[in-house]
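First the structure, in the form of structure tokens, and then the observations on it.
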Amino acid sequence: MNNNVSLSNDLALSSSAVSGFPRHLSEVKKNSNNNNSSKNKKTRKLNSDFLADFLFAEHSDNAALLSSLSRKEYLIREKPNYGQVSNREMVALLNGFDRLYVIEHARMLKGLSNTLNDLSTKYRMPDKEIKELWKECKNSIESEHNKKMDSHKPRYNSLVMSCSASVADFGEFYKYYVKSWNKALKKSEKKWKKKITERVSKYGVASPKQKA
């Protein structure tokens, strides 16, 4: 039996997950890879203490976006606390982070699918059970992230629909928003890597002949 089941087609967010996000993720995903990965690396290094850049590791698919977010964060941080952030500035920064979330969400699922494929090759897990476990994993993550999306929507929508907000007010929400999603992605990855390992390993080690 070949347990190396292709799961790559399941990496995209389903329509139900998309509908729960403040900005339509299907639009964000279309534009998430349109960045030049080699652009503005010098700027990114100079601004390496900024929030999104600090929390998320650099990869070829997100380097330019992290650099762009750092520049936008810098422009807002340079304003006095009693100053104002325009609607255009808020939307640009939040939309930029939404694109980063899409990239990192896909990276997390890709890592989990690789873990499942690797372990299902090592252990004798039937194809049917592999697919069922992957579906359970995706549905659970989607449900948890939808709840988090819904919790952010009132404040998120209030800000992006307003003409402006104070630097302190917007900065507080943005910091919470970015840290919240970073924590959610890490939590989902850790939780399901452990579950996948536990569930697959119970099938026993495959013999050399079966591995071949």
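All residue numbers for the sequence shown refer to full-length UniProt numbering, where the first residue is 1 and numbers rise by one.
Heads up, the beta-carbon is just placed ideally off N, CA and C, and yes, glycines get one too.
**Message:** If we require 3 or more residues per run, which beta strand (DSSP E) segments fall completely within the UniProt domain "Plasmodium RESA N-terminal" (83–192)?
**Reply:** 84–86, 164–166
**Item:** Beta carbon of residue 200 nearer than 8 Å to that of residue 123
**Value:** yes
**Asked** Looking only at its own chain, which residues have a Cβ that is under 8 Å from the Cβ of residue 75, when we skip the five neighbours before and after it?
**Response** 89
**Cβ-Cβ distance between residue 148 and residue 51 below 8 Å** = no
**Prompt:** What do you reckon, are the CB atoms on residue 188 and residue 141 nearer than 8 Å?
**Reply:** yes
**Item:** Contact the stretch 87–106 vs the stretch 53–73: 3+ CB pairs below 8 Å
**Value:** yes
**Prompt:** In its own chain, which residues sit with a C-beta less than 6 Å from the C-beta of residue 196, not counting the 5 before and 5 after it?
**Reply:** 115, 116
**Message:** Out of 70, 110, 61, 77, which one is the CA nearest neighbour of residue 185?
**Reply:** 110
**Asked** Expressed to the nearest angstrom, what Euclidean distance is found between the alpha-carbon atoms of residue 100 and residue 194?
**Response** 25 Å
**Message:** Using a Cβ-Cβ cutoff of less than 7 Å, which residues in the same chain neighbour residue 81 once the five nearest sequence positions on both sides are dropped?
**Reply:** 167, 168
**Asked** From residue 83 to residue 158, what distance separates their C-alpha atoms?
**Response** 18 Å
**Prompt:** Do residue 72 and residue 92 have their CB atoms nearer than 8 Å?
**Reply:** yes
**Request:** Can you tell me the Cβ-Cβ gap for residue 87 and residue 180, rounded? I've got them flagged as a contact below 8 Å.
**Result:** Actually they are not in contact, since the Cβ atoms of residue 87 and residue 180 sit about 22 Å apart, beyond 8 Å.
**Asked** Under 8 Å, do residue 55 and residue 182 count as touching if we go by C-beta distance?
**Response** yes
**Prompt:** Are residue 53 and residue 103 close, meaning C-beta to C-beta below 8 Å?
**Reply:** no
**Request:** Inspect the beta-carbon positions of residue 221 and residue 170 and report whether they are closer than 8 Å.
**Result:** In the structure displayed, the chain extends from 1 to 212; residue 221 sits before or after that span and is not available.
**Prompt:** residue 161: which of 190, 133, 85, 150 sits nearest, CA to CA?
**Reply:** 85
**Asked** In whole angstroms, what separates the C-alpha of residue 121 from that of residue 77?
**Response** 50 Å
**Request:** Can you grab the Cα-Cα spacing for the pair residue 57 / residue 202, in whole Å?
**Result:** 33 Å
**Request:** Whole angstroms is fine: what's the gap from residue 108's alpha carbon to residue 127's?
**Result:** 22 Å
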